[in-house]
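A.B. asks: For the sequence shown, the numbering used here assigns the number 69 to the initial residue and increments by one for each residue that follows. For each residue, glycine too, the CB sits at the ideal point set by N, CA and C.
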Amino acid sequence: ENNFTNGISNNTGNLEKRLPKAIIIGSAKSGTRALLVFLKIHPDVRACPYEVHFFDRDENYALGLEWYRKRMPKSTSNQVTIEKSPGYFVSTNAPERVFNMSKDVKLLVIVRDPTQRAISDYTQLALRPNSSLPRFEDYVMRNNNILSTERGVVKFGVYIRYLWNWMKFFPLSQIHFVSGEELVENPTAELKLVERFLTLRPVINENNFYFDKKKGFPCFIGKIGFDGKTKSGCLKGSKGRKHTPVSQHILTRLHNYYQPYNEELYKVVKRNFHWPR
Ligand code: A3P
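1. In whole angstroms, what is the alpha-carbon distance linking Tyr326 and Lys85?
2. Whole angstroms is fine: what's the gap from Glu250's alpha carbon to Gly305's?
3. In angstroms with no decimal places, state the Cα-to-Cα distance between Phe245 and Ser200.
4. For Lys291, write down the residues that DSSP places opposite it in a beta bridge.
5. Any heavy atom of the ligand ADP inside 7 Å of the beta-carbon of Cys116?
6. Counting C-beta neighbours from all protein chains within 10 Å, is the total for Ile150 16 or more, i.e. buried, or is it exposed?
7. Does the pairing of the stretch 222 to 236 with the stretch 172 to 190 give three or more beta-carbon distances under 8 Å?
8. With a floor of 4 residues, list each alpha helix (DSSP H) that falls wholly inside the stretch 88 to 117, ordered by position along the chain.
9. Enumerate in chain order the residues of its own chain whose CB-to-CB distance from Glu119 is below 6 Å, with the five nearest sequence positions on each side excluded.
10. Check whether the Cβ of Phe285 lies closer than 7 Å to any heavy atom of the ligand A3P, and answer yes or no.
11. Per DSSP, which one or two residues make a beta bridge with Asp206?
12. Any contact of the stretch 93 to 109 with the stretch 155 to 166, i.e. 3+ C-beta pairs under 8 Å?
13. State the start and end residues of the unbroken alpha helix (DSSP H) segment that holds Glu258.
14. Pull up the CB-CB distance for Gly248 and Lys283, whole angstroms please, since I reckon it's below 8 Å.
15. Measuring CA to CA, which of Ala130, Lys97 and Leu87 is closest to Arg137?
16. Under 8 Å: do the stretch 98 to 112 and the stretch 200 to 214 share three or more Cβ pairs, one atom per stretch?
17. Using 7 Å as the cut-off, classify the Cβ of Leu176 as near or not near the heavy atoms of the ligand A3P, replying yes or no.
18. Which complete beta strand (DSSP E) runs does the stretch 162 to 225 hold, if anything under 3 residues is left out?
19. How long is the line joining the alpha carbons of Thr298 and Met235, rounded to whole angstroms?
20. Please state the DSSP three-state secondary structure of Arg345.
21. Excluding the five sequence neighbours on either side, which residues of its own chain have a C-beta within less than 6 Å of the C-beta of Asn233, listed in chain order?
22. Would you say the beta carbon of Pro154 comes nearer than 7 Å to a heavy atom of the ligand A3P?
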């Protein structure tokens, strides 16, 4: 459909399913859902409602790009289609596969204090049906008082290691880091940075958020979806769970383990996340 205003073509193109212009690639349990939901407040964002796991799961990748495109919501050409699958960040194959789809795609990575991320990840595993995990302390430590750094719960927090894999294919200018802590404490400011990175006009503002005391997290108010109606709400119950208390000794062990990797990350991405905070 073509709209002409003052003789200037405002060709927004047809409503079509398009490959994503931006992907939230991770990191799992850092606030990826909150980031996606809050971005949907922006009228120029169209988000895929579920995790497609195209680039990290061979059986999906084998179905081809057309299959992937068909999973996307309809959009006009001036809107930004966004998909989020947190498994991409730590996947060995995903960087090259994403690059083969588009060398210009923008990548969003939300990161959170890796120690808190580990506890969150563990909590999710422990709550799975029929799960019988040992308590957190025993899950991340071996008998001989050595950290189990090979466990996903621990190793996925070494963000810099995975970032190097992505940087083999994408320049840092195409990768934006979101602070998981700031997304909770100051969602407007954090989302304004994302709007800028995605070259979206500034729309999201303080009025889009309220702190829900019962939830313990910011919740949103905005025109989300095609009907243009104002909706409000919090993320569902599985987001923002109570964590099991963890002994100071283990917290310190984890903080010390992550610290050099965190420092390297701050240097590379030129932002200090101030973990632990
Ligand atoms: P916890 O449930 O461990 O607190 P993901 O969506 O990547 O799985 O991340 C889940 C985490 O998002 C939650 O971990 C929670 O801390 C965080 N989060 C950030 N903003 C949130 C919000 N507004 N509502 C609920 N959870 C939020």
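C.D. replies: Result, derived from the coordinates:
1. In the sequence shown, the residue the question calls residue 326 occupies position 258. In the sequence shown, the residue the question calls residue 85 occupies position 17. C-alpha separation (whole angstroms): 41 Å.
2. Start at 1 with the first residue of the sequence shown, and residue 250 comes out as number 182. Start at 1 with the first residue of the sequence shown, and residue 305 comes out as number 237. The C-alpha of Glu250 lies about 21 Å from the C-alpha of Gly305.
3. Mapped onto the sequence shown, residue 245 falls at position 177. Mapped onto the sequence shown, residue 200 falls at position 132. Taking the straight line joining both Cα atoms gives about 34 Å.
4. Looking up residue 291 in the sequence shown gives position 223. Thr298, per the DSSP bridge assignment.
5. Absent from the structure shown: the ligand ADP. Ligands present: the ligand A3P.
6. On the sequence shown, position 82 is the one that residue 150 refers to. Buried, since its Cβ has 16 or more Cβ neighbours within 10 Å.
7. Put simply, the stretch 222 to 236 touches the stretch 172 to 190. At least three CB pairs are less than 8 Å apart.
8. Qualifying alpha helix (DSSP H) stretches, in chain order: 100 to 107.
9. As a working note, residue 119 is residue 51 in the sequence shown. Shown here for Glu119: same chain residues with a beta carbon closer than 6 Å to its own, the five before and five after excluded, namely Ser153 in chain order.
10. Position 217 of the sequence shown, counted from the start, is the residue given in the question as residue 285. Relative to the non-hydrogen atoms of the ligand A3P, the Cβ of Phe285 comes within a distance shorter than 7 Å of at least one.
11. Residue numbering aside, residue 206 sits at position 138 when the sequence shown is read from its first letter. According to DSSP, Asp206 bridges with nothing at all.
12. Because the criterion of three Cβ pairs below 8 Å is met, the stretch 93 to 109 and the stretch 155 to 166 touch.
13. The residue you call residue 258 lines up with position 190 of the sequence shown. Pro255 to Phe265 is the extent of the alpha helix (DSSP H) around Glu258.
14. Numbered from 1 along the sequence shown, position 180 holds the residue referred to as residue 248. Numbered from 1 along the sequence shown, position 215 holds the residue referred to as residue 283. With a contact defined as Cβ atoms closer than 8 Å, Gly248 and Lys283 miss out at about 16 Å.
15. Position 69 of the sequence shown holds residue 137. Ranking the options by Cα distance to Arg137, first place goes to Leu87.
16. A contact between stretches requires three or more CB pairs, one per stretch, nearer than 8 Å, and the stretch 98 to 112 fails this requirement with the stretch 200 to 214.
17. Sequence index remark: in the sequence shown, residue 176 carries index 108 (1-based). Distances between the C-beta of Leu176 and the heavy atoms of the ligand A3P are all 7 Å or more.
18. For the stretch 162 to 225, the continuous beta strand (DSSP E) assignments of 3+ residues that do not extend past its boundaries occur at 174 to 179, in sequence order.
19. The residue you call residue 298 lines up with position 230 of the sequence shown. The residue you call residue 235 lines up with position 167 of the sequence shown. Near 39 Å, if we compare the C-alpha coordinates of Met235 and Thr298.
20. Residue numbering aside, residue 345 sits at position 277 when the sequence shown is read from its first letter. Residue state, collapsed to three classes: coil.
21. Mapped onto the sequence shown, residue 233 falls at position 165. Its chain contains Pro163 as the residues whose beta carbon lies nearer than 6 Å to that of Asn233, once the 5 sequence neighbours on both sides are disregarded; these appear in chain order.
22. Looking up residue 154 in the sequence shown gives position 86. Relative to the ligand A3P, Pro154 has its C-beta within less than 7 Å of a heavy atom.
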